[in-house]
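Please read the structure below before turning to the comments.
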Amino acid sequence: MSIDEDIPVAATLTDLEICQAVCEQDQAKKIDDFDGDECVEENPPTNSEMRQALDILKRGVQLVRQILKNNTSTNNIQMNC
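The sequence shown maps to residues 1 to 81 in the UniProt record's numbering.
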């Protein structure tokens, strides 16, 4: 069995798809002003913030892959005993 088959769909998104999803989510987010009677658009994330978010997501994907790889290796060892 390939490790890739066990990776959740979210972990297989491309970098571009992740960036687009984050941008769309941030652009749609609104915050209330102090009076609570109107909404204002939140400032879009900077390129630096987007790169930081992407790095965090990439590390998460790497961690999931490593865990799945370790679990697959452990399962194979236990089955051979």
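In this text, a Cβ means the ideal position worked out from N, Cα and C, and glycines have one as well.
Problem set entry | Straight-line gap, Asn43 to Arg65 (C-alpha atoms, nearest Å) | Position 43 of the sequence shown, counted from the start, is the residue given in the question as residue 43. Position 65 of the sequence shown, counted from the start, is the residue given in the question as residue 65. Those two C-alpha atoms are separated by around 34 angstroms.
Problem set entry | Closer than 7 angstroms: Glu49 CB and nearest the ligand FAD heavy atom | Judged by which ligands are present, the structure shown has none, so any question about the ligand FAD falls away.
Exercise. Considering only residues of the same chain and omitting the five flanking positions on each side of Leu57, which have a CB-CB separation below 8 angstroms?
Worked result: Mapped onto the sequence shown, residue 57 falls at position 57. Closer than 8 angstroms at the Cβ level, and outside the excluded window around Leu57, lie Ile18.
Problem set entry | Best match in Cys23, Arg59, Asp55 and Leu16 for proximity to Pro45 [C-alpha to C-alpha] | If you number the sequence shown from 1, residue 45 lands on position 45. Closest by alpha carbon: Cys23.
Exercise. For Asn43, which of helix, strand or coil comes out of DSSP?
Worked result: In the sequence shown, residue 43 corresponds to position 43, counting from 1. If DSSP states are grouped into helix, strand and coil, Asn43 belongs with coil.
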